[in-house]
Amino acid sequence: MLPHGDDEEKWLAEGIAGIQHNAFYMHRALDSNDLKDALRYSVQMLSELRTSLLSPHKYYELYMRAFDELRKMEMFFREETARGTISVIELYELVQHAGNILPRLYLLCTVGSVYIKSKEAPAKDVLKDLVEMCRGIQHPVRGLFLRSYLCQISRDKLPDIGSEYEGDADTVNHAIEFVIQNFTEMNKLWVRMHHQGPTREKDKREKERSQLRDLVGKNLHVLSQIEGVDLDIYKETVLPRVLEQVVNCKDELAQHYLMDCIIQVFPDEYHLQTLETLLGAFPQLQPTVDIKTVLSQLMDRLSNYAASSIEVLPEFLQVEAFSKLSNAIGKVVIEAQVDMPVVGAITLYVSLLTFTLRVHPDRLDYVDQVLGACVKKLSGRAKLEDSRATKQIVALLSAPLEKYNDIGTALKLPNYPRVMDHLDNGTNKVMAVVIIQSIMKNTTCISTADKVEALFELIKGLIRDMDETQDDEIDEEDFKEEQNSVARLIHMLHNDDPEEMLKILCTVRKHIILGGPKRLPFTVPPLVFSALKLVRHIQGQDGDVIGEEISATPKKIFQILHQTIEALLSVPSPELALRLYLQCAEAANDCDLEPVAYEFFTQAFILYEEEVADSKAQVTAIHLIIGTLQRMNVFGVENRDTLTHKATGYSAKLLKKPDQCRAVYACSHLFWVDEQDGIKDGERVLLCLKRALRIANAAQQMANVTRGSSGPVVLFIEILNKYLYFFEKGNPQVTSSVLQGLIELIKTEMQTDGSSDPSADAFFASTLRYIQFQKQKGGAMGEKYDPIKI
Amino acid sequence: MVLVLAIGDLHIPHRAPDLPAKFKQMLVPGKIQHILCVGNLCIEDVHDYLKSLCPDLHFARGEYDEDARYPERKTHDWSIQAWALPWPSVPWSDLDSLAMFQRQLDVDILVTGHTSQFKAYKHEGGVVINPGSATGAHSSITYDANPRFVLLDIDDLRVWVYIYELIDGQVKVDKIATTLPAH
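Heads up: the protein sequence lines correspond to chains A and B, in order. With our numbering as the guide, the letters of the first sequence map in order to residues 40 to 829. With our numbering as the guide, the letters of the second sequence map in order to residues 45 to 227.
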């Protein structure tokens, strides 16, 4: 029957008062050397411990008070027996006359301690007597505390090797026997608590039981401290006896705690050498015991042991630690505890994997074996949805990545992708990102098409939609991050051999092309640029490679590029595609492939005509086209003419007049390339500039009519600067009189202008300054500029 | 003393996976007062990273930048005016053509991008800088660009231009000093 909170406090207070009261008189008797009285009061004092009213927690407080008093009693006993007032044997007899058994036994133990110290009898005999006498108390709480007292006072008096109480040849066995017996009895009492009392209070009872566990565990601690217990004795005697008790008690709480205790208390090398015995106990435990935690503890300890020094590693191999652990887990997971939730099994495998990576990092077959066992456990079930379990699997899969810092190793494990297959889509993607991050962090370069294939299979959750049903809950930001990491990954795939590199690019293309319109804008550009890099690389190698079987030619790569960029039209991403076509055109230009370059320009123009509708986008696009076209030197006259004609035509058709003007004067550069063999068609340049002027004029007039203000004077100044550019480059059509005329025109415009534009003024001023500067230069340039008056 | 970082043409993730590790080690937050970025980052991630180095980030948009909110030119007024221009007029590598912009903008320091071709020179009393590509990204205009960025140390009218270049795994620093004309 378990007591109530407030009442308990009252009873405890009463008990403590009782102890203090009797202790006072006991001390008075001790001071007057009145043994009989002292004993009488001590018995009364100890009777307080006979209570059944207190919970273990409160009983402990009471016990500690009594304990303190008993220490003083012991000191008195020692002095008395030393003095010779009474022999220790007589004392031993005397205290047994106490009326009630509990005080009697406490006193007996106390005297026993003095007895052993006096060495008038072998320690083993006294201890044996005491441990058996304590059987008299079968009440769990009282019995546990009594035996705990016995344990406490006997710890330093065991007949251990090298101790002053050492006995004959068998001495260590006697010490062990004593401790184990005490342990066994304490465990029995402890387990009995579980069955006492009404079922409805079971949980409360278990909680209180839990508070007492260290009392039982202390015995194991004592065992571990016995010097005489070496590996052999541990193996032959100690461990089997302890395990026997653990298994036979059939109590969940006790089994869990004690297995854990054994593992904590005894040294790791002992565990290693007794691995089979230890592991053999696990399947025999109650099915509800949380084995995975204990096993994980064991494996973690062994892992740390392995990490502590290299010399220890051969031991692991010698005892075949890995196979034993692996088998034990298999037995537990598959046979003994079939109902263990998946998360438990996976946690075990995570611990085993950590162990394997620490102890046998070079044994990839072991690592694969662990993953394989995991796959087996997961197969036959639906995809995992328990978030704790999936977290554990991510930990499982991340461990080899962190250990080896090289995705190549993980790719060699056949069971690795199989584990990933059992993840739900969300976690699969999380794992894929972990893999990519590992690659990026270690700047690993993946260098064969086969590895790339394996890698992209692993991360397929990111590359394409896995189910038919679109995942509507994808967060925009997350999706972007995922795809950007795939994009970055593409740059980590590289091989210096062009043939292999081409294979890699084709493999990547094969995968990303299935990504769908949402993914292509992210994944296509890096692939395109990677391919362009390859083209440049091949160009650089030109002449060194001889052979007919080469498939890695720029032409072939451009074909692939063409098809790849085309895919962007399904997104649709016309502006991106346009830019990429222009990049390819430049690359084709550098390879001297005129038809290919022309084709790319054609595609760019088609996109411009049909898909780029936004006027701002058109301005950017046309400038890009003009800029790229200006750099082309591979085109023959006809092709070049067609393209420039198109470019100028579109420039003039832009929506806003200032945009038209600027695009048209930009086109002037299409007819003048400032290189040795460059085209230098002065007339067409002038035509462009004049057209630009006309447009600028029109813009002025329009502004007058519609807004009543002046138009963009700055356009004229920009055009003037262009004239200056060509003037300096030596275009014969641009003469100093032409320039003079234009300068006068601008001056007039700016004077008649009602509102002035300060930036235009500044621009004009700096232009004039420049002309002055050039005039003052002297030499050929000065001569050129001389006729111009400002 | 004002430190300005001029950086651009990173092309992450289209053409490069990330800034070189050595650069990342050097660029620590808190040391730089302003950043002038001449575009082509290309993604928000990189923009956030630059912002973490220095909150005063001026960003001019290049043709591959995904965020259309940003302008194509950016100006600031400190003691010295500078403009970031992501892609100057045609022809792209032509210095004289670029000079027109300088005159139009009437600035002392002109920072441009797009070509990934490093340039730093004095022109008509001002300075023109193209900080190249910070990741050494592939460019149709420049072959074999080494990763590069530029740090400007502006002290009233004196400007020191520090050029950081990653050559074969080592960071080399070069310096140009100039004095701007007073206005």
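The beta-carbon is built from N, C-alpha and C at its ideal position, and this holds for glycine as well.
> Does the distance from the C-beta atom of A:Leu387 to that of A:Val406 stay below 8 Å?
Replying inline: no
> Exposed or buried, which one is B:Tyr165 when buried takes at least 16 other CB atoms within 10 Å?
Replying inline: exposed
> Any contact of the segment 297 to 313 of chain A with the segment 235 to 245 of chain A, i.e. 3+ C-beta pairs under 8 Å?
Replying inline: no
> Would you say A:Phe321 reaches chain B, if we count a Cβ-Cβ gap shorter than 8 Å as a contact?
Replying inline: no
> So what does DSSP say about B:Gln161, is it helix, strand or coil?
Replying inline: coil
> Exposed or buried, A:Gly817, counting other C-beta atoms within 10 Å across all chains shown (16 or more means buried)?
Replying inline: A:Gly817 should be labelled exposed.
>> Using the three-state DSSP reduction, which class does B:Trp136 fall into: helix, strand or coil?
In response: Three-state result, B:Trp136: coil.
> What residues of chain A sit near B:Met45, judged by a beta carbon separation below 7 Å?
Replying inline: Chain A residues near B:Met45: none, gap ~29 Å exceeds 7 Å.
> Can a CB atom of chain A be found closer than 8 Å to the CB of B:Asp140?
Replying inline: yes
> What is the rounded straight-line gap between the Cα of A:Gly666 and the Cα of A:Val673?
Replying inline: Whole-angstrom Cα-Cα distance: 15 Å.
> From the beta carbon of B:Trp122, is the nearest beta carbon of chain A less than 8 Å away?
Replying inline: With a pLDDT of only 49 at B:Trp122, under the threshold of 50, the placement of this residue in the model should not be trusted; the figure read from the coordinates follows. Chain A, which has no Cβ nearer than 8 Å to the Cβ of B:Trp122, makes this no.
> What residues in the segment 45 to 71 of chain B have a beta carbon less than 9 Å from any beta carbon of chain A?
Replying inline: His55, Ile56, Pro57, His58, Arg59, Ala60, Pro61, Asp62, Ala65
>> For A:Glu633, would you say it is in contact with chain B, using Cβ-to-Cβ distances shorter than 8 Å as the test?
In response: no
> Apart from the five residues just before and just after A:Lys828, which ones in its own chain have a Cβ nearer than 6 Å to its Cβ?
Replying inline: none
>> Distance cutoff 8 Å, beta carbons only. Does B:Trp204 sit that close to anything in chain A?
In response: Not closer than 8 Å to any Cβ of chain A, the Cβ of B:Trp204 fails to qualify, so no.
>> Less than 6 Å between C-beta atoms, sequence neighbours within five positions excluded: which residues of the same chain meet that for A:Met40?
In response: Note that A:Met40 scores a pLDDT of 49, beneath 50, so its modelled location is shaky and nothing firm can be said.
> Of all the residues that make up the segment 801 to 826 of chain A, which are near chain B by a beta-carbon distance shorter than 9 Å?
Replying inline: Ala801, Phe802, Ala804, Ser805, Thr806, Arg808, Tyr809, Phe812
>> Please list, in chain order, the chain C residues whose beta carbon lies closer than 8 Å to that of B:His182.
In response: In the structure shown, chain C cannot be found, because the protein chains are A and B.
> Quick one, which residues of the segment 713 to 745 of chain A are near chain B if we go by CB-CB under 9 Å, in chain order?
Replying inline: Asp713
> Quick one: which chain A residues come within Cβ less than 7 Å of B:Ile87?
Replying inline: Neighbours of B:Ile87 on chain A, chain order: Asn523.
> For A:Gln191, which of helix, strand or coil comes out of DSSP?
Replying inline: helix
> For A:Ile302, does the three-state DSSP call read helix, strand or coil?
Replying inline: helix
>> For the segment 137 to 156 of chain A against the segment 171 to 191 of chain A, do three or more pairs of beta-carbon atoms, one drawn from each stretch, fall closer than 8 Å, so that the two count as touching?
In response: yes
> Candidates B:Thr186, B:Lys163, B:Val82, B:Pro61: which alpha carbon is nearest B:Asp53's?
Replying inline: B:Val82
> In the structure shown, what three-state DSSP assignment does A:Val472 receive?
Replying inline: The answer is helix: DSSP assigns A:Val472 an H, G or I state.
> Would you say B:Ala65 and B:Pro175 are within 8 Å of each other, going by their C-beta atoms?
Replying inline: No, the pair does not count as a contact, with Cβ atoms beyond the cut-off.
>> Can you give me the C-alpha to C-alpha distance between A:Pro845 and A:Ala449, rounded to a whole angstrom?
In response: Residue 845 of chain A cannot be examined here, being either before or after the span of chain A that is shown, 40 to 829.
> Closer than 8 Å, Cβ to any Cβ of chain A: which residues of the segment 187 to 203 of chain B, in chain order?
Replying inline: Residues are counted here when their Cβ sits less than 8 Å from a Cβ of chain A; for the segment 187 to 203 of chain B these are Tyr187, given in chain order.
> Of all the CB atoms in chain B, is at least one closer than 8 Å to the CB of A:Tyr764?
Replying inline: yes
> Looking at the structure shown, is B:Cys86 part of a helix, part of a strand, or coil, going by DSSP?
Replying inline: strand
> Using a Cβ-Cβ distance under 8 Å, would A:Arg527 count as near chain B?
Replying inline: yes
> Looking at the C-beta of B:Tyr108, does it have a partner C-beta in chain A at a distance below 8 Å?
Replying inline: Against chain A, the CB of B:Tyr108 has a partner CB under 8 Å away; the residue lies at that interface.
> Taking A:Cys706 as the reference, which of A:Leu694, A:Gln715, A:Asp680 has the closest Cα?
Replying inline: A:Asp680
> Along chain A, in chain order, which residues have C-beta atoms closer than 9 Å to that of B:Glu209?
Replying inline: Chain-order list of chain A residues neighbouring B:Glu209: empty, with the shortest C-beta distance near 20 Å, by a criterion of under 9 Å.
> Looking only at its own chain, which residues have a Cβ that is under 6 Å from the Cβ of A:Tyr98, when we skip the five neighbours before and after it?
Replying inline: So the qualifying residues of the chain are Val180.
> Pick from B:Glu88, B:His102, B:Val217: whose alpha carbon is nearest that of B:Asp109?
Replying inline: B:Glu88
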